[in-house]
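Going by this note's numbering, the first residue of the sequence shown is number 160, and it counts up by one from there. Step one of this worksheet: look at the structure below.
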Amino acid sequence: MSQYNKVADQVVEQVNTVSDAMRNLSEVEMVDIATAPRETVWEDGKVKLYHFTRETPATVKTPLLISYALVNRWEMMDLQPNRSFIRKLVSEGVDVYIIDWGYATRLDRYKTMEDYILGNINDCVDFLRKRHNVPNINLLGVCQGGTFSLIYSSLYPNKIKNLITLVTPVDFDNTEGLLFRWAKDMDVDAIVDGFGGIVPGDFLNTGFDLLKPMNKTRKYMALPETMKNKDTLMNFLRMERWVADSPSQAGEAYKKFIKDMYLHNKLKKGEFELGGKKVNLKNVKMPKLTIFAKDDHIVPPATTKPINDLIGSTDKELLEFPGGHIGVFVGARSQSSLTPKVAKWLADRD
160 MSQYNKVADQ
170 VVEQVNTVSD
180 AMRNLSEVEM
190 VDIATAPRET
200 VWEDGKVKLY
210 HFTRETPATV
220 KTPLLISYAL
230 VNRWEMMDLQ
240 PNRSFIRKLV
250 SEGVDVYIID
260 WGYATRLDRY
270 KTMEDYILGN
280 INDCVDFLRK
290 RHNVPNINLL
300 GVCQGGTFSL
310 IYSSLYPNKI
320 KNLITLVTPV
330 DFDNTEGLLF
340 RWAKDMDVDA
350 IVDGFGGIVP
360 GDFLNTGFDL
370 LKPMNKTRKY
380 MALPETMKNK
390 DTLMNFLRME
400 RWVADSPSQA
410 GEAYKKFIKD
420 MYLHNKLKKG
430 EFELGGKKVN
440 LKNVKMPKLT
450 IFAKDDHIVP
460 PATTKPINDL
470 IGSTDKELLE
480 FPGGHIGVFV
490 GARSQSSLTP
500 KVAKWLADRD
């Protein structure tokens, strides 16, 4: 075959790829995420508590409350029906609730970590204890929400039966992750004040993009191939919708988290205080499952692994997930292995 014919074939292939991509894109009517059936059972202002409804009774009797991070939205845990951490937990017999933090505006600029942890999380825990007539509940925290959950469980250990954290940092004196290095030189007061007391989600997303800048370039370079297959296209669009839906951060809470965690590592050192109370992780004595992602570039394993050394639990397990920060929720191994293990761990301690 002549060089001319090879080039001609490549051009035809590229034209066909673009044609398929444009046809698939034109057929997209809606990009739905977070479609697992749910009901709002409690709310306070912008904060809501969702219960994921079931067709059959739960086999794990103790309800599970999920505390997601303030950064980005919890919908990552229910991105699509066949990639849903939440749906899988429900199918494994767990009664699942999740806190929706809502969207912070300048009206929330003075909302503190105390408001989130001693207020919202504690209110949701008490609501579920009363609703299910149980002395304590199961708590699962994700990323920053896991740090919040550790703090809460140390202050209210009698209210938590079992504690799970996913990709959760506790040792912020780390040089492996760029976020941890950048934070050391961050003038967080200037950032918060410069944005009028609220930190925009777009600003935070730019920082996440800079952690691996070529990833975004590769993603868009591969877009024609991605769009050629309708299922792959929908996966891409769902993820893009989730990434773009990034809430702003309440200034006061953001300041305290950056200063006390990233700058001074107070939680690990035993120096962190909330609402005038010293937080001692040795008070975390309930069964504890700590999950980290081997290839996590946002929360490196080294920032998570010390959890089990810092807490007072005797029943504690450290579980490695062979993937990255997002793969914990949407990867094939999450569905086939990780989520069933979480459900079984809870069932064994119910």
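All C-beta atoms in this analysis are idealised placements derived from N, C-alpha and C, irrespective of residue type, glycine included.
Could you tell me whether the Cβ atoms of residue i and residue j are closer together than 9 Å?
i, j, result
"H456", "L337", "yes"
"P294", "D254", "no"
"Q408", "A263", "yes"
"R268", "G353", "no"
"F244", "I276", "no"
"E479", "K500", "no"
"G360", "V230", "yes"
"R290", "V200", "yes"
"L448", "V329", "no"
"Y311", "I350", "no"
"G278", "S226", "no"
"R508", "D474", "yes"
Short of 7 Å in beta carbon distance, which residues of its chain neighbour residue i, apart from the five on each side in sequence? Order them along the chain.
i, result
"R397", "V190, I192, L238 and Q239"
"M272", "A412, K415, F416 and L433"
"D395", "The residue you asked about is not Asp; residue 395 is Phe in the sequence shown. So the qualifying residues of the chain are T385."
"L217", "The question names Leu, yet the displayed sequence has Ala at residue 217. So the qualifying residues of the chain are G252, V253 and D254."
"M345", "I417"
"A342", "I417, Y421 and L422"
Once DSSP output is grouped into helix, strand and coil, what is the label at residue i?
i, result
"L152", "Nothing in the structure corresponds to residue 152, since the chain is present only between 160 and 509."
"Y413", "helix"
"Y256", "strand"
"E476", "strand"
"P294", "coil"
"A452", "strand"
"T176", "Its pLDDT being 48, under 50, T176 is placed unreliably in this model, and the coordinates cannot settle the point."
"I485", "coil"
"D282", "helix"
"E335", "coil"
"V438", "coil"
"S407", "coil"
"Y209", "strand"
"P372", "helix"
"N321", "strand"
"E234", "helix"
"M420", "helix"
"P222", "strand"
"K447", "strand"
"R377", "helix"
"D203", "strand"
"R242", "strand"
"G471", "coil"
"E198", "strand"
"V301", "strand"
Here's a check: name, in chain order, each residue in its chain whose Cβ is nearer than 8 Å to the Cβ of residue i, leaving out the five neighbours to either side.
i, result
"T334", "R340"
"I296", "T221, P222, L223, L224, V284, L287, R288, K318, I319 and K320"
"V249", "A195, F211, R213 and V255"
"R400", "V190 and I192"
"P460", "F451, A452, K453 and E479"
"R492", "F480, P481, G482 and G486"
"P406", "L229, V230, N231, R232, W260, G261, Y262, A263 and G360"
"T498", "F244, K247, L248 and E251"
"N292", "none"
"E172", "Residue placement at E172 cannot be trusted, given a pLDDT of 48 that sits under 50; what the coordinates show is reported in the next sentence. Cβ neighbours of E172 beyond the five flanking positions: none."
What does a CB cutoff of less than 6 Å around residue i pick up in its chain, not counting 5 residues either side in sequence?
i, result
"Q494", "K247"
"V506", "The sequence given here places Ala at residue 506; Val does not occur at that position. The residues are V219."
"G261", "K205 and V206"
"I466", "V329 and T449"
"F431", "D419, K425 and V438"
"W504", "L448"
"E476", "L448"
"N374", "none"
Report back the beta-carbon spacing between residue i and residue j to the nearest angstrom; my notes put them in contact at under 8 Å.
i, j, result
"N364", "V402", "7 Å"
"I470", "G410", "About 30 Å; that fails the 8 Å criterion."
"F488", "M235", "5 Å"
"D404", "R232", "5 Å"
"Y421", "F362", "Rounded, the Cβ-Cβ distance is 16 Å, inconsistent with contact."
"K418", "V347", "6 Å"
"D282", "D203", "6 Å"
message: Can you confirm whether the region 246-264 touches the region 200-215 when touching is taken to mean that 3 or more C-beta pairs between the two stretches lie within less than 8 Å?
response: Yes, the region 200-215 touches the region 246-264.
query: Three or more C-beta pairs closer than 8 Å, one from the region 323-333 and one from the region 298-310: is that the case here?
result: yes
query: Do the region 441-448 and the region 308-323 touch if we need at least three Cβ pairs shorter than 8 Å?
result: yes
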